[in-house]
Amino acid sequence: MNKPIIEVNDLTKIFELKQKKPGLWGSVASLFTQQTKKNTVVDHISFSVQPGELLAFIGPNGAGKSTTIKMLTGILYPSYGTIKVLDMDPAENRQKLAYNIGSVFGQRSQLWYHLCPLDTYNLLSRLYELDQTKYKARLNFLVESFEIKDLLTIPVRKLSLGQRMRCEIIASLLHQPKIIFLDEPTIGLDVIAKQHIREVINFLNKEEKVTIFLTSHDAGDIEALADRTIVINYGKIIFDGATEQLRKDYISTKIIEFVTDETFENFNFNNGKIIEKTKHAIKIEIEQGKTTLDELLSYATNNFNLKDINIYEPPMEEIISQIYQTNEKQ
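Counting from 2, one number per residue, gives the positions in the sequence shown under our numbering.
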């Protein structure tokens, strides 16, 4: 196995919140004696990311995602623990690290609002001290790959969200980073624009071999892109594994639909719940632990002349929501 490109050990971030007593006298008193409350936002987490990996790092609002990314990119110092990104301490080597990573935040822009994307790209090429011949070749390659030639000279304020996001991603790739942090890259986009951005992200990972650290509230992003997912809640990692394993670990029910030319009047399977029934079709919900899919299929095939069988699982969005709710109850 290759050496991890990101390595996090026992990472913790604690913020001290100032407590002020109510009223005027409380405000005066707080000038002389201040009480503080410690809030642990990231709580002793450890993980590593391999070169070329596409990792989804997800959690509900306030779970610690953004704080973790800020520590990984050197914006915040950790309270405890260690971070190595490209074998560097991000906070101690922030400027050097900036030449090797890129970041895209769905609700923040690095494009100048009143300028066209090309103007921003030219400025960034100077900031990154890029060789201008190599920069122009790189820009031409990205423009063709992301199909934005017609957008280069349009002011950013006139671009749609999807167009702007493609331009944002190009801005983060001009200096050929080894890692790119994508925070909500499809937020606010329509279905077609989301699909286009997902294709772009896949291109970066598969063709450019860029390691991608993705955060998103869109379950479609996670399911379509990430082979591995880390779920964080209340500052702690509650799941780290293959994205498909999320389904296996957290799906508690399955829905099976049977279709026949006959009728299902005498369908009597004790360990299943009929949730929908028509003349020639029936949907049964089974709960894992009480029965198995094989038992239901065996009953149906032995008692009815089936034309079709369909098996439905909850969408990824529902699974992720269940993970959060389960953790809240614990």
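Just so it is clear, CB atoms sit at the ideal spot from N, CA and C, and this is done for glycine as well.
Query: Residues that Val232 bridges to, as DSSP identifies them; Result: Ile59, Phe240
Query: For Lys14, the first and last residue of its enclosing beta strand (DSSP E); Result: 7-20
Query: With 16 other Cβ atoms within 10 Å as the buried cut-off, status of Ala301; Result: buried
Query: Beta carbon proximity, Leu119 to chain B, threshold 9 Å; Result: Given the protein chain composition of this structure (a single chain), no chain B is represented.
Query: Sequence-distant residues of the same chain with beta carbon closer than 7 Å to Lys280, five excluded per side; Result: Thr264
Query: 9 Å Cβ cutoff met for Ser104 and Ser173; Result: yes
Query: Limits of the unbroken alpha helix (DSSP H) element including Gly163; Result: 162-172
Query: Under the three-state DSSP convention, the category Asp44 falls into; Result: strand
Query: Close-in-space but distant-in-sequence residues of the same chain around Leu18 (CB under 7 Å, 5 per side omitted); Result: Thr37, Lys38, Asn40
Query: Selection from Lys255, Ala282, Lys274, Gln323 that minimises the alpha carbon distance to Leu294; Result: Lys255
Query: Cβ pair count under 8 Å reaching 3, the stretch 158-173 against the stretch 77-90; Result: no
Query: DSSP bridge partner residues for Asp309 (one or two, in chain order); Result: Val260
Query: Under the three-state DSSP convention, the category Ile198 falls into; Result: helix
Query: Cβ-based neighbour list, Ile231, same chain, cut-off 8 Å, excluding 5 preceding and 5 following; Result: Phe48, Leu56, Ala57, Phe58, Ile59, Ile238, Phe240, Asp241
Query: Residue range of the beta strand (DSSP E) that includes Ser104; Result: 102-106
Query: For Ile310 and Lys259, believed in contact at Cβ under 8 Å, the rounded distance; Result: A small correction: the amino acid at residue 259 is Phe; Lys does not occupy that position in the sequence shown. Right, the Cβ-Cβ distance comes to about 6 Å (below 8 Å), so this counts as a contact.
Query: Alpha-carbon to alpha-carbon, Glu8 and Cys117; Result: 37 Å
Query: Simplified DSSP state of Asp191, which is helix, strand or coil; Result: coil
Query: CB of Ile320 within 9 Å of CB of Arg248, strictly; Result: yes
Query: Residues that Gln289 bridges to, as DSSP identifies them; Result: Thr292
Query: Ala243 classed as buried or exposed, judged by whether at least 16 other C-beta atoms fall within 10 angstroms; Result: exposed
Query: beta-carbon Ile310 near the ligand FAD non-hydrogen atom, thresh 8 Å; Result: With respect to the ligand FAD, the structure offers nothing, as it holds no ligand at all.
Query: Which listed residue (Ile70, Val192, His197) has its alpha carbon closest to that of Ser146; Result: His197
Query: Reference Asp191, options Asp222, Lys308, Gln51, Arg158, closest by Cα; Result: Asp222
Query: Own chain, CB closer than 6 Å to Lys284, minus 5 neighbours either side, in chain order; Result: Ile256, Glu258, Ile276, Glu277
Query: Between the CA atoms of Ile46 and Leu11 - distance to the nearest angstrom; Result: The sequence given here has Asp at residue 11, not Leu. For Asp11 and Ile46, the distance between alpha carbons rounds to 5 Å.
Query: Ranges of the beta strand (DSSP E) found wholly within the stretch 66-143, counting only runs of at least 3; Result: 81-86, 102-106
Query: Selection from Met317, Glu224, Gln35 that minimises the alpha carbon distance to Lys1; Result: Nothing about residue 1 can be reported from this structure: the residues present for the chain run from 2 to 331 only.
Query: Distance CB(Gln323)-CB(Pro315) smaller than 9 Å; Result: yes
Query: Beta-carbon proximity of Leu175 to Leu140, cut-off 9 Å; Result: yes
Query: Selected residue, minimal CA-CA separation from Ala220, among Gln289, Lys210, Lys195, Thr212; Result: Lys195
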